[in-house]
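Below you'll find the structure, written out as C-alpha cells, and then a few comments.
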Amino acid sequence: MTPEQLERKRKYNREYSARKYAEVKDTPEFKAKCKLASQNRTEEQRARKRENAARWLAKDPEKVKAYHRAYKRKMYKESPEKVLKRSSAWKKANVARVAANQVKWRNTDMGYLSSCKGNLARQLGVAAKDLPDELVEAKSAQLKVIRLIRDLG
Amino acid sequence: MKTLSDIKQDMSDLYEQVRAGQVDLKTAGELANISGKFLKAEQLELAREIFLNSKQLVIENDA
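Written out as C-alpha cells, the structure is:
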C-alpha cells in the first residue's frame, strides 16, 4: 500500500468512526456500554489510557487544554449542579492544590485584573459588575507598570 | 484631560518601554503616579454619579 493510499484509508476510517460515534453517542445503550467498559477496565488498560493522554498532551498541549476547557464549559452548560458538586468535592479533597492554584491564578494578568476590579468595587461601594470596564483596565495597566518598576528597581 | 482609553494606551506603551529599558525607572514611576491621579479623578466622578443616582432613588422612594 502506498503512503497516499494509507493516508486516504486512515482519513476514511477517522471520518467513519466520527460519523458512527455521532450517531450512537447519545443513546442509552451506548452510555451503558461505556460505563460498563470503564468499570471493567484493567489496571494495564488504565495505564495505557493515561500514557496515551500524556502523549497527546506532550504533542500539542494548547490543543488538549483548549479541548478540556471546551468540554468543561459544555458540561457546565448541560448540568451546572453536577459540575459544581464535583468541583466542591475535588476542592475538599485537594486543599493544597487549590491553594497553589489560587496563588498561580493571582499572579496571572487575569488574576491581577480581577483583584483590581474587586478593590475598586470595594472603594466605590458598588458591585464589581457595575464598574466600567475602561476604568478597571486603565487601573490594571497602571498597576502593571508600578509592579514592573518595583520588580526592576 | 485624558480619557481612560488614553491612560490605558499610555500605560501599555510605558510598560513596553520600561521593559525594553528605554525609559528611566524614576521617570516611569512619576508617569505611573500621574496616571494614578487621573484615575482617582475618574473614580471620584464615578463615585459622585453613583451617589447622586442613589440619592435620587431614595427621594423618589420617599415621595
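From first to last, the protein sequence lines stand for chains A and U. Going by our numbering, the first residue of the first sequence is number 1, and it counts up by one from there. Going by our numbering, the first residue of the second sequence is number 1, and it counts up by one from there. Where a beta carbon is used, it is the ideal one built from N, C-alpha and C, also for glycine. Keep in mind the model is a prediction, meaning the values are calculated, not measured.
Run the CB neighbour count on residue i, radius 10 Å, all protein chains shown included, and call it buried at 16 or more, exposed below.
{"i": "U/Ala63", "result": "Any reading at U/Ala63 is ruled out, since the residue's pLDDT is 47, under 50, leaving its predicted position unreliable."}
{"i": "A/Ser140", "result": "buried"}
{"i": "A/Gln142", "result": "buried"}
{"i": "A/Tyr67", "result": "exposed"}
{"i": "U/Asp77", "result": "Lying outside 1 to 63, the shown extent of chain U, residue 77 of chain U is not represented and no answer is given."}
{"i": "U/Leu14", "result": "buried"}
{"i": "U/Ser35", "result": "buried"}
{"i": "A/Lys209", "result": "The structure shown does not extend to residue 209 of chain A, since chain A is modelled only from 1 through 153, so no value can be given for it."}
{"i": "U/Glu42", "result": "buried"}
{"i": "A/Lys117", "result": "buried"}
{"i": "A/Ala138", "result": "buried"}
{"i": "U/Lys8", "result": "buried"}
List the residues of chain A that residue i touches, going by C-beta distances under 7 Å, in chain order.
{"i": "U/Glu42", "result": "Leu135"}
Could you tell me which chain U residues have their CB closer than 7 Å to the CB of residue i, listed as they occur along the chain?
{"i": "A/Gly153", "result": "Leu25"}
{"i": "A/Val95", "result": "Simply none; closest approach about 36 Å."}
{"i": "A/Val145", "result": "Met11, Leu14, Tyr15, Val18, Ala28 and Ala32"}
Which residues in chain U have a C-beta closer than 9 Å to the C-beta of residue i? List them in chain order.
{"i": "A/Lys72", "result": "The contacting residues do not exist; A/Lys72 stays about 31 Å from chain U at best."}
{"i": "A/Ala141", "result": "Ile7, Lys8, Gln9, Asp10, Met11, Ser12, Leu14, Tyr15 and Ser35"}
Whose Cβ in chain U lies nearer than 8 Å to the Cβ of residue i?
{"i": "A/Val126", "result": "Ile50"}
For residue i, decide whether its Cβ has a neighbour in chain U, counting only Cβ atoms nearer than 8 Å.
{"i": "A/Ala121", "result": "no"}
{"i": "A/Leu113", "result": "no"}
{"i": "A/Leu148", "result": "yes"}
{"i": "A/Ala138", "result": "yes"}
Counting only beta-carbon separations shorter than 8 Å, does residue i have a partner in chain A?
{"i": "U/Ala63", "result": "Below a pLDDT of 50, predicted positions are generally treated as unreliable, and U/Ala63, at 47, falls in that range; the measurement from the model is reported next regardless. U/Ala63 does not count as touching chain A."}
{"i": "U/Ala47", "result": "yes"}
First and last residue of the alpha helix (DSSP H) that includes residue i?
{"i": "A/Arg111", "result": "Per the sequence shown, the amino acid found at residue 111 of chain A is Gly instead of Arg. Per DSSP, A/Gly111 belongs to the alpha helix (DSSP H) from Asp109 to Leu124."}
{"i": "U/Asp24", "result": "Note, U/Asp24: premise wrong, no alpha helix (DSSP H); not H, not E."}
{"i": "A/Arg73", "result": "Pro61 to Glu78"}
{"i": "A/Asn94", "result": "Careful: A/Asn94 lies outside any alpha helix (DSSP H) and carries neither H nor E."}
{"i": "A/Pro28", "result": "Pro28 to Asn40"}
{"i": "A/Leu152", "result": "Asp133 to Leu152"}
{"i": "A/Ala18", "result": "Pro3 to Val24"}
For the ligand ATP, is there a heavy atom less than 7 Å away from the beta-carbon of residue i?
{"i": "A/Tyr112", "result": "The ligand content of the structure shown is nil, which means the ligand ATP is not present either."}
> Taking any Cβ of chain A, which residues in the stretch 3 to 17 of chain U have a Cβ under 7 Å from it, in chain order?
Replying inline: Result list: Leu4, Ser5, Ile7, Lys8, Met11, Ser12, Leu14 and Tyr15.
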